[in-house]
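Heads up: the structure comes next, in structure tokens.
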Amino acid sequence: MNKRESVMKKGRGKWIKLTDLEVKAVNAEFEKGTKERFAAIVEFSNDAIFSKTLEGTITSWNRAAERIYGYTAQEIIGKSIAALLPPERFNEVENMLDQLRRGESIEHFEIGCKRKNGALIDVSLTISPIKNSNQESVGASVIARDITERKRAELELRKMNEELKKLDQLKSDFVSTVSHELRTPMTIIREGVSQILDGLLGETTEDQKQFLTITLNGIDRLSRIINDLLDISKLEAGKIELERQPVNLVALAQEAMQIFNSKVKEKGLELQLANQSQEIEAHVDHDKLIQVLTNLIDNAIKFTEQGHIEIGVTEQNGTIVCNVSDTGQGIPEQDLGRVFGKFQQFGRTAGPGEKGTGLGLAIAKGLVELHGGKIGVESKLGVGTKFTFTIPKVTAEELLHEYVNAGVQEAMRQETALSLVVIAIRNFEALKEKIGVNEAGLLLHELTRLVKQSLRRKSDRAVGSRESIMVLLPLVGKEDALIVGGRARQVVEEYLIKRGFAQLVKVSVRVATFPDDGRTTDEILKRAFA
Amino acid sequence: MAKKKILIADDELIILKLMKSRLVANGYDVKTVSNGLEAVGEAQRWQPDLILLDVIMPVLDGLEACKRLKADPATRNIPIVVITASPHRGLGQKCVEEGALELVKKPFNSSDLLAIIKKTFNGNGSSHNSHE
Chain X
1 MNKRESVMKK GRGKWIKLTD LEVKAVNAEF EKGTKERFAA IVEFSNDAIF
51 SKTLEGTITS WNRAAERIYG YTAQEIIGKS IAALLPPERF NEVENMLDQL
101 RRGESIEHFE IGCKRKNGAL IDVSLTISPI KNSNQESVGA SVIARDITER
151 KRAELELRKM NEELKKLDQL KSDFVSTVSH ELRTPMTIIR EGVSQILDGL
201 LGETTEDQKQ FLTITLNGID RLSRIINDLL DISKLEAGKI ELERQPVNLV
251 ALAQEAMQIF NSKVKEKGLE LQLANQSQEI EAHVDHDKLI QVLTNLIDNA
301 IKFTEQGHIE IGVTEQNGTI VCNVSDTGQG IPEQDLGRVF GKFQQFGRTA
351 GPGEKGTGLG LAIAKGLVEL HGGKIGVESK LGVGTKFTFT IPKVTAEELL
401 HEYVNAGVQE AMRQETALSL VVIAIRNFEA LKEKIGVNEA GLLLHELTRL
451 VKQSLRRKSD RAVGSRESIM VLLPLVGKED ALIVGGRARQ VVEEYLIKRG
501 FAQLVKVSVR VATFPDDGRT TDEILKRAFA
Chain D
1001 MAKKKILIAD DELIILKLMK SRLVANGYDV KTVSNGLEAV GEAQRWQPDL
1051 ILLDVIMPVL DGLEACKRLK ADPATRNIPI VVITASPHRG LGQKCVEEGA
1101 LELVKKPFNS SDLLAIIKKT FNGNGSSHNS HE
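In order, the protein sequence lines correspond to chains X and D.
This note's numbering puts the first residue of the first sequence at 1, with every later residue one more than the last.
This note's numbering puts the first residue of the second sequence at 1001, with every later residue one more than the last.
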């Protein structure tokens, strides 16, 4: 049945017009029906629905409200909404009432409420103002959903999560402790055996020497396994932090290759660098990348009986691409997917005494990924294997932003200070013109190294870029930062004098300190480079 | 030339014995102590040319010993090599920040350790102004 102004009704097969009286009766019937339907919806809703005046006096109260709060309509209507709240939440209610007086509604406001029996429940409130015909707020309707159960589940989940974190920590601590405990007896065995082998305790026969050497090799392998286990456990726990610095990756590759000089010769293989350019610079963790490369080279040598192992480093669109390829036996296709897994030694058989830890490639993968890169493998049985990894080239600015960001977060968490010192070389352009861009770059590189050397703490970081050297000092306040800045300036000036550039350029130092000069990364950076 | 004096601090007696015999065989004058506090005291009295310091030790650990040795003018210039079995590189690293020269991991290769000792004497021997 619809509400109508003046309508026809169907009578004796014909439409006839209703009288005014009839229209009124129909409308009254309709309104009563609508109200009843609305009342039924409110009454049987699963959420508590009630209304109140602007002063907070409750004016209506549905069945769910009785169930959730424990008050009957009779008991609560005419009382203040304060009865439903624990005293410590009264302030919030005042704020809410203000908001309602301004005609604003409140949605999904989570708050702890008090039942009639004093028990606390969690509810989510949606409150809308009730307006009179002049659009003035005269009260509010409140829909309260009981979320006690959801809150309880959330809390439980959080507790479980913390438990898991604790367990994870225990596991990490356990691995650390065990490896420490193992290292002590291993030191004793290694040194004892090696003193006998070295003849410190008297002559030994050739046979004895041979066995003692085997023993030493076994101990060294055990030691490698422990180191790898510790590394993988730290990687998995996200506990390895990169010490990024500008590194020439070509030189780094050569450094890694040198470690294998004798091993390669022994096996009659060739280890070569297939590189066009002599310098490819990126901000990476030097030691960690050496570890990646040595793991890959070691692996290649192990499975190659003849031919060569080739290392290549190139830069493609801001990404470093590095590969290690061999002319070894190759990896069967079905095993390719598993090579980066832990303890996956299969398919390929290595020579005696050369068994690895089964963790080398998993560690390499973890370290590459820590740099934000990817690692992959291609192989053809009987032809060879090629491992390729890519690492995004991080610019000095990006690196500094990352350092400052991490530093600010940490300083905020621990409520300590953090300082950024920028040593800028003014008129650097003139220097570039005089000695060339390359030479100027090398000069800045050297200055950065010297500044880094002048820093005592390992947690202090220095980054060189364009025409400045930036030093980040965690836990250091303004005064101390100025001292460090002064020392760094002296180092830079002394070097410039030595090179005869002191007349050409000037050195300036700026210090920005958290929280004195700013509370965000951008504020600190802006201040330091203003 | 007088024998160079090396003080070793480690709480494992067998390690002390082994290291001592190795160093004595290589022509050094060696004394051993088994915790950080003894190391500080012995360093002040004996004025060694080098201290080999374990990190995790009872009474006074290596880091604290390192701090005290570097704070005392009488021992400040004695080079320290930290020998650690601790996988927490942090602790050993902190010793380096406190002024230790080198960090050697256990189990060490004795020829590597001897090379480091030699290097210390060649590079820093002159800067050590002992009270002799």
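We put the beta carbon where it would ideally sit given N, CA and C, even for glycine.
Keep in mind the model is a prediction, meaning the values are calculated, not measured.
Listed along the chain, the chain D residues whose CB falls inside 9 angstroms of the CB of glutamine 195/X are Leu1018, Ser1021, Arg1022, Ala1025 and Ser1110.
Taken through DSSP and simplified to helix, strand or coil, arginine 338/X comes out as coil. Taking C-beta separations shorter than 7 angstroms and ignoring five residues to either side along the sequence, the partners of glycine 407/X in its chain run Leu418, Leu472 and Pro474, following chain order.
The region 352-412 of chain X is shown to contain whole beta strand (DSSP E) runs of 3 or more residues at 374-380 and 384-392, in chain order. Using a CB distance below 7 angstroms, the part of the region 172-202 of chain X facing chain D consists of Ser176, Ser179, His180, Arg183, Thr184, Met186, Thr187, Ile188, Arg190, Glu191, Gly192, Ser194, Gln195 and Leu200, ordered along the chain. Going by beta carbons, lysine 1003/D and glycine 1027/D fall inside the 8 angstroms limit.
For serine 1034/D, not one C-beta of chain X is nearer than 8 angstroms to its own C-beta. Taken through DSSP and simplified to helix, strand or coil, proline 1107/D comes out as coil. Under the criterion of beta carbons closer than 8 angstroms, isoleucine 425/X and valine 321/X do not qualify as touching, at roughly 33 angstroms.
Selection Lys393/X, Glu410/X, Val383/X and Ala462/X evaluated against valine 422/X yields Ala462/X as nearest (Cα-Cα).
Under DSSP, the beta-bridge partners assigned to glutamine 316/X are Thr319/X.
Among the residues facing chain D, arginine 449/X is not included, as its CB has no counterpart in that chain under 8 angstroms away. Along the region 1003-1015 of chain D, going in chain order, the ones with a CB nearer than 7 angstroms to a CB of chain X are Glu1012, Ile1014 and Ile1015. By the criterion of a C-beta distance shorter than 7 angstroms, leucine 482/X is surrounded in its chain by Val511, once the five residues flanking it on both sides are discounted. Within the region 453-487 of chain X, the residues whose Cβ lies closer than 9 angstroms to any Cβ of chain D are, in chain order, Arg456, Arg457, Lys458 and Ser459.
Counting only Cβ-Cβ distances below 7 angstroms, serine 508/X has no contacts in chain D at all, with the closest Cβ about 29 angstroms away. Taking all protein chains shown into account, glutamine 329/X has 16 or more neighbouring C-beta atoms within 10 Å of its C-beta and is therefore buried. DSSP, read as helix, strand or coil, puts asparagine 261/X in helix. The shortest C-alpha to C-alpha distance from asparagine 299/X to any of Lys288/X, Phe109/X, Gly358/X and Pro332/X is the one to Gly358/X. With a cut-off of 8 angstroms on Cβ pairs, the region 1055-1075 of chain D is not in contact with the region 1015-1027 of chain D, counting fewer than three such pairs. Fewer than three beta-carbon pairs drawn from the region 209-225 of chain X and the region 139-152 of chain X are found closer than 8 angstroms, and the two stretches are therefore not classed as touching. When 9 angstroms is used as the limit between beta carbons, alanine 1071/D is near no residue of chain X, the shortest such separation being about 14 angstroms.
Contacts with chain D (Cβ-Cβ distance below 8 angstroms) from the region 255-279 of chain X involve no residue at all. By the rule that beta-carbons nearer than 8 angstroms mark a contact, alanine 1085/D touches chain X.
Between alanine 119/X and isoleucine 130/X, the C-beta spacing is not below 8 angstroms. The C-beta separation of leucine 1091/D from leucine 1063/D comes to about 6 angstroms, placing the pair in contact by the 8 angstroms criterion. Aspartate 146/X is bridged by DSSP to Val123/X. By the C-beta criterion, the region 241-251 of chain X is judged to be in contact with the region 285-293 of chain X, since at least 3 inter-stretch pairs fall below 8 angstroms.
DSSP places glycine 112/X in the strand class (E or B) of the three-state scheme.
Three or more Cβ pairs closer than 8 angstroms define a contact, and the region 152-172 of chain X falls short of that threshold against the region 74-94 of chain X. Per DSSP, the beta-bridge partners of glutamine 272/X are Glu310/X. DSSP, read as helix, strand or coil, puts valine 505/X in coil.
For arginine 519/X, the closest of Asn405/X, Val368/X and Lys498/X by C-alpha to C-alpha distance is Asn405/X. The Cβ neighbour count for glycine 436/X, taken over all protein chains shown within 10 Å, is under 16; the residue is labelled exposed.
Runs of beta strand (DSSP E) with 3 or more residues, each lying fully within the region 1026-1111 of chain D, are found at 1029-1033, 1050-1054, 1080-1084 and 1102-1105, listed in chain order.
Taking CB atoms only, isoleucine 219/X has a neighbour in chain D less than 8 angstroms away.
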